[in-house]
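Position in the sequence shown (from 1) plus 2 gives the number in our numbering. Ideal placement from N, C-alpha and C gives every residue a C-beta, glycine not left out. Here the structure comes first, spelled out in structure tokens, and everything after it is commentary.
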Amino acid sequence: MENITLSNGILTATINPKGAELNSLKNNNTEYIWEGNAKYWGKHSPVLFPIVGTLKNNSYLYNGQPYALSRHGFARDNVFTVKGQNENSVTFSLSSNEETKKVYPFDFELQLVYTLNQKSLEIKYNVINKGAEPLPFSIGAHPAFALPGNFESYSLVFEKEEPLASTQLENDLIGNTSIEIATNGNVLPLNYGLFANDALIFKTLTSNAITIAKDNEPVLKVNFTDFPHLGIWTKEDAPFICIEPWQGYSDATNSNGIFKEKEGIIILPENETFTAAFTIEILKGKKL
């Protein structure tokens with residue numbers, strides 16, 4: 003299936019049906035999404051479902067039975083169908099099948115809805131429980147934004163000035179310690195040393211938006227009101243930054259493996275729908 007392109011005369015978005023993954027977001031030929039160079043990281047903006055992060059021993063228990071499930075789940079590796087499309091919006095759908103039930107024994111439909119609105123792109127997730135029992139899941143976003151030029155000329159401007167305590171990972175799992183991330187007011191200047199222990203993970207924030215700025219000029223804003231947790235990540239020398247709104251996160255190091263008791267898990271009643279959205283707003287030409 004070919005990529006789907008949306009355009010409103012201001013922004014152009016390109017989405018790959020595999021993973022319903024945003025591959026490109028352009029304004030006046032300026033690309034804002036990471037190109038996916040496998041030298042650093044070969045993805046652009048994968049959806050994380052039905053887990054965010056890593057499970058302890060890459061497995062979980064449901065009704066006493068073990069299931070294997072790899073990091074960030076399987077949705078990003080599956081081809082979605084196009085359920086509806088117009089000039090400014092497209093809806094992708096992935097439903098449970100024999101293969102998904104081998105690792106996740108639930109009936110579900112996952113929809114990703116992309117909508118252009120002036121200088122912003124909304125990405126909405128609908129998780130529909132189509133089974134006869136509660137649906138446990140986590141979901142998250144992993145967009146990577148291109149940072150051409152000197153990485154240290156960029157900064158992250160949080161919506162509010164607040165203490166930033168990043169939960170430390172231990173072997174990809176949530177550990178018992180956190181470190182304070184130093185800021186200049188609500189501004190976090192970027193440097194690769196911030197990510198020496200992998201991602202920054204914020205279980206709680208009062209900010210609902212982060213602006214990427216270059217030399218104190220705003221580039222774009224990620225608004226994530228519907229998501230209580232946030233990850234920020236890059237790799238050494240890589241010219242991108244991931245700002246990752248999450249519902250859920252990795253297992254804790256002391257996890258008992260029981261899926262319904264996992265930290266950050268959502269339990270969706272039968273026949274109900276969970277909805278959450280975030281937006282990417284292009285700010286080039288505006289002032290902080």
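Exercise for the section: State the start and end residues of the unbroken beta strand (DSSP E) segment that holds Glu219. Expected result: The residue you call residue 219 lines up with position 217 of the sequence shown. Its beta strand (DSSP E) spans residues 219-225.
Practice task
State the DSSP-derived secondary structure class of Gly177, mapped to helix, strand or coil.
Solution key: Here residue 177 corresponds to residue number 175 of the sequence shown, with the count starting at 1. In the structure shown, Gly177 sits in a strand (DSSP, three-state: E or B).
Exercise for the section: In the DSSP assignment, find the alpha helix (DSSP H) that holds Val84 and state where it starts and stops. Expected result: As a working mapping, residue 84 is identified with position 82 in the sequence shown. From DSSP, Val84 is part of no alpha helix (DSSP H) but of the beta strand (DSSP E) over 83-87.
Practice task
Measure the C-alpha to C-alpha separation of Gly55 and Glu89 and round it to an integer number of angstroms.
Solution key: Stepping through the sequence shown from its first residue, residue 55 is reached at position 53. Stepping through the sequence shown from its first residue, residue 89 is reached at position 87. If you take the alpha carbons of Gly55 and Glu89, they lie about 34 Å apart.
Practice task
Pick helix, strand or coil for Lys237, following the three-state DSSP scheme.
Solution key: Translated into the one-based positions of the sequence shown, residue 237 becomes position 235. The answer is coil: DSSP assigns Lys237 none of H, G, I, E or B.
Handout entry: One or two residues paired with Tyr251 in a DSSP bridge
Key = Here residue 251 refers to the residue found at position 249 of the sequence shown. Answer is none; Tyr251 lacks a bridge partner.
Exercise for the section: Give the DSSP-derived three-state secondary structure of Tyr127 in the structure shown. Expected result: Within the sequence shown, residue 127 is the residue found at index 125, counting from 1. Correct three-state label for Tyr127: strand.
Exercise for the section: For Asn80, count neighbouring Cβ atoms within 10 angstroms of its own Cβ and tell me buried if that reaches 16, exposed if not. Expected result: In the sequence shown, counting from the first residue as 1, residue 80 sits at position 78. Buried, since its Cβ has 16 or more Cβ neighbours within 10 Å.
Practice task
Measure from the alpha carbon of Pro165 to the alpha carbon of each residue in Thr185, Asn273, Ala146, Gly75, then state which is nearest.
Solution key: Along the sequence shown, read from residue 1 onward, the residue named residue 165 stands at position 163. If we check each option's Cα against that of Pro165, Thr185 comes out closest.
Exercise for the section: Helix, strand or coil for Ser155, going by three-state DSSP, please let me know. Expected result: Along the sequence shown, read from residue 1 onward, the residue named residue 155 stands at position 153. Three-state DSSP puts Ser155 in a helix.
Handout entry: Among Gln249, Trp235, Gly151, Ser9, nearest to Leu196 - alpha-carbon criterion
Key = Numbered from its first residue, the sequence shown carries residue 196 at position 194. Of Gln249, Trp235, Gly151, Ser9, the residue nearest in Cα terms is Trp235.
Practice task
Assign Tyr108 to one of three DSSP states: helix, strand, or coil.
Solution key: The count along the sequence shown starts at 1 and reaches residue 108 at position 106. One point to set straight first is that residue 108 is Phe, not Tyr, in the sequence displayed. The DSSP-derived three-state label of Phe108 is coil.
Practice task
Use the C-beta contact count for Gly21: other C-beta atoms within 10 angstroms, 16 or more gives buried, fewer gives exposed.
Solution key: On the sequence shown, residue 21 is found 19 positions in, with the first residue counted as 1. When all chains shown are included, Gly21 counts as buried.
Exercise for the section: Can you tell me the Cβ-Cβ gap for Leu232 and Val129, rounded? I've got them flagged as a contact below 8 Å. Expected result: Position 230 of the sequence shown holds residue 232. Position 127 of the sequence shown holds residue 129. For a cut-off of 8 Å, the C-beta gap from Leu232 to Val129 is around 19 Å, too long to register as a contact.
Handout entry: Environment of Ala201 [buried if 16+ CB atoms lie within 10 Å]
Key = The residue given as residue 201 occupies position 199 in the sequence shown. Counting every other CB atom within 10 Å of its CB across the protein chains shown gives Ala201 a total of 16 or more, marking it as buried.
Practice task
Assess, as a yes-or-no matter, whether the stretch 57-72 is touched by the stretch 91-101 under the definition of 3 or more beta carbon pairs within less than 8 Å.
Solution key: Because the criterion of three Cβ pairs below 8 Å is not met, the stretch 91-101 and the stretch 57-72 do not touch.
Practice task
Give the range of the beta strand (DSSP E) segment to which Val189 is assigned.
Solution key: Here residue 189 is taken as the residue at index 187 of the sequence shown, counted from 1. Run containing Val189: 189-191, per the beta strand (DSSP E) assignment.
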